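Q:
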Amino acid sequence: MRIAIIGAGIAGLSAAGALRAAGIEPVVFDKGRGPGGRIVSKRTPYGGVDLGTQYFTARDGEFRAAVDDWRQAGVVEPWVVTPLVLPERQPARPQERLVAVPRMSALARYMADGVDLHSGVQVSEMVRESTEWAIYDRHGESLGQFDSVLLTAPAPQAQSLLAEPSPRLAARAVAAPMQPCWSAGVVLEKPLDVDFDAGFPSSGPLGWVARLGSRPQRPDDPEIWTLHATDAWSEANIEWSPDAAGEFLARSFADLVRRRPLIRDQIAHRWRFARARTALAEPAGYLEHDHLLCAGDWITDGRVEGAWRSGRAAARRLLSLAAEQSGPDGE
Numbered sequence: 001m002r003i004a005i006i007g008a009g010i011a012g013l014s015a016a017g018a019l020r021a022a023g024i025e026p027v028v029f030d031k032g033r034g035p036g037g038r039i040v041s042k043r044t045p046y047g048g049v050d051l052g053t054q055y056f057t058a059r060d061g062e063f064r065a066a067v068d069d070w071r072q073a074g075v076v077e078p079w080v081v082t083p084l085v086l087p088e089r090q091p092a093r094p095q096e097r098l099v100a101v102p103r104m105s106a107l108a109r110y111m112a113d114g115v116d117l118h119s120g121v122q123v124s125e126m127v128r129e130s131t132e133w134a135i136y137d138r139h140g141e142s143l144g145q146f147d148s149v150l151l152t153a154p155a156p157q158a159q160s161l162l163a164e165p166s167p168r169l170a171a172r173a174v175a176a177p178m179q180p181c182w183s184a185g186v187v188l189e190k191p192l193d194v195d196f197d198a199g200f201p202s203s204g205p206l207g208w209v210a211r212l213g214s215r216p217q218r219p220d221d222p223e224i225w226t227l228h229a230t231d232a233w234s235e236a237n238i239e240w241s242p243d244a245a246g247e248f249l250a251r252s253f254a255d256l257v258r259r260r261p262l263i264r265d266q267i268a269h270r271w272r273f274a275r276a277r278t279a280l281a282e283p284a285g286y287l288e289h290d291h292l293l294c295a296g297d298w299i300t301d302g303r304v305e306g307a308w309r310s311g312r313a314a315a316r317r318l319l320s321l322a323a324e325q326s327g328p329d330g331e
């Protein structure tokens, strides 16, 4: 059975791993330069800077087992930190926060090892032809014929691809709008004299700040702080240039800590689809129409764990479809 997975974020890679464990080698397409989706690190002259997902948690038993495997493999470690609500300095809710090492992108690369991954390929059309799905890139070139397709793109991108082949699934994607987020990495000339490593600002344009060097296996020289703008500020200013957004967030950070740090450099990134504003909380963990499935954090609960569980649930359904197709004698 030939299966295509569109998107090499956590959901897509989770599904690919489950399918490969069952003996099916899916073909994975991703428009990015590498796997990971929003769990990525920006390459800079100062090393990798985590500008996407900052950490994740593990609650479900199956996901906790996967995390244990990743920890044994040396790609995930706990981040021992107590973020403060700022400026009130109230400690955030205690929980085990997990990060990939030595940078967030390491987890996706580990999960993608051995996967038939085609990076830099943007799927623009899916067409049902008899009993198969034909997939085409943005140039109209065929990417192949597949028995089943799993789409793991963010909801707005999924909606665009689903509009013709499945208006019903497209409508479900419309019901899960996603928030943008401006992220910045601020490189300082000198370490900042503050007594916290991470925080949730309670007002202003910043929603998150963190000292990169407080994470395991990260360099602490030069000192780099990761800043995330709030959903509201990001949405209102999403069309700013990266330079303008980075400069503004750096000034806002200085106001927050009541210091005027010397800034050596700053790197900003615009995430148009950072997180689900309202995830669907679909009980099955995936959506389905005629051998076309959708998975992702927007279908479950908006968390990394939710994306992983969604990919696994979709993979189980794909394996069920494969068994139905092969018949009772496996032929």
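Each residue of the sequence shown is one higher than the one before, counting from 1 in full-length UniProt numbering. By construction, the Cβ of each residue, glycine as well, lies at the ideal position given by its N, Cα and C atoms. Quick caveat, the model's predicted, so the values are computed rather than measured.
Leaving out the 5 sequence neighbours to the left and right, which residues in its chain are closer than 6 Å to ALA254 when beta-carbon positions are compared?
A: ARG260
Q: I'd like to confirm the pairing. Which residues does DSSP put opposite THR226 in its beta bridges?
A: GLY185 and ALA210
Q: Please classify LEU151: is it buried, with 16 or more other beta-carbons within 10 angstroms of its beta-carbon, or exposed?
A: buried
Q: Quick one: measure Cβ to Cβ for ALA8 and GLY37, integer angstroms, because I've assumed they're closer than 8 Å.
A: 7 Å
Q: Is the beta carbon of GLY32 closer than 8 Å to that of SER105?
A: no
Q: What does the alpha-carbon distance come out to for the pair GLU62 and PRO205?
A: 37 Å
Q: Since I believe GLY296 is in contact with PRO154 (beta carbons under 8 Å), could you give me their beta-carbon distance rounded to a whole number of angstroms?
A: 7 Å
Q: Find out if the Cβ-Cβ distance for the pair ASP137, SER124 is shorter than 8 Å.
A: yes
Q: Where does LYS190 land, buried or exposed, given buried means 16+ other C-beta within 10 angstroms?
A: exposed
Q: Nearest by alpha-carbon distance to VAL75: which of LEU98, LEU84, ALA92 and ALA175 is it?
A: LEU98
Q: If you count every other CB in all the chains shown that lies within 10 Å of the CB of LEU19, and 16 or more means buried, which is it?
A: buried
Q: Once DSSP output is grouped into helix, strand and coil, what is the label at PHE196?
A: coil
Q: Going by the beta-carbon positions, is the gap between PRO242 and TYR46 smaller than 8 Å?
A: no
Q: Expressed to the nearest angstrom, what Euclidean distance is found between the alpha-carbon atoms of ARG215 and PRO78?
A: 9 Å
Q: Can you list, in chain order, the residues of its chain whose CB lies under 6 Å from that of ALA170, leaving out five sequence neighbours each side?
A: GLN159, LEU162 and ALA163
Q: Start and end of the alpha helix (DSSP H) containing PRO156?
A: 155-162
Q: List in chain order: all unbroken beta strand (DSSP E) runs of 3+ residues lying wholly within the segment 240-278.
A: As far as the segment 240-278 is concerned, its whole beta strand (DSSP E) runs of at least 3 residues are 263-276.
Q: Between ARG316 and ALA73, what straight-line distance do the alpha-carbon atoms span, to the nearest angstrom?
A: 25 Å
Q: Between the Cα of ALA65 and the Cα atoms of SER130, TRP308, ALA314 and GLN325, which residue gives the shortest distance?
A: TRP308
Q: What is the rounded straight-line gap between the Cα of ALA313 and the Cα of TYR286?
A: 7 Å
Q: Please name the residue, chosen from ALA322, PRO201 and ALA229, that lies closest to GLN90 on a Cα-to-Cα basis.
A: PRO201
Q: Just to confirm my understanding: we take ALA279, look at its own chain, exclude 5 residues before and 5 after, and list those with CB closer than 8 Å. What are they?
A: ALA176, ASP297, TRP298, ILE299, THR300, ASP301, GLY302 and GLY306
Q: Taking the C-alpha atoms as reference points, what is the distance between VAL40 and LEU188?
A: Between VAL40 and LEU188, the C-alpha separation is close to 22 Å.
Q: Would VAL101 be called buried (16 or more neighbouring beta carbons within 10 Å of its own) or exposed?
A: buried
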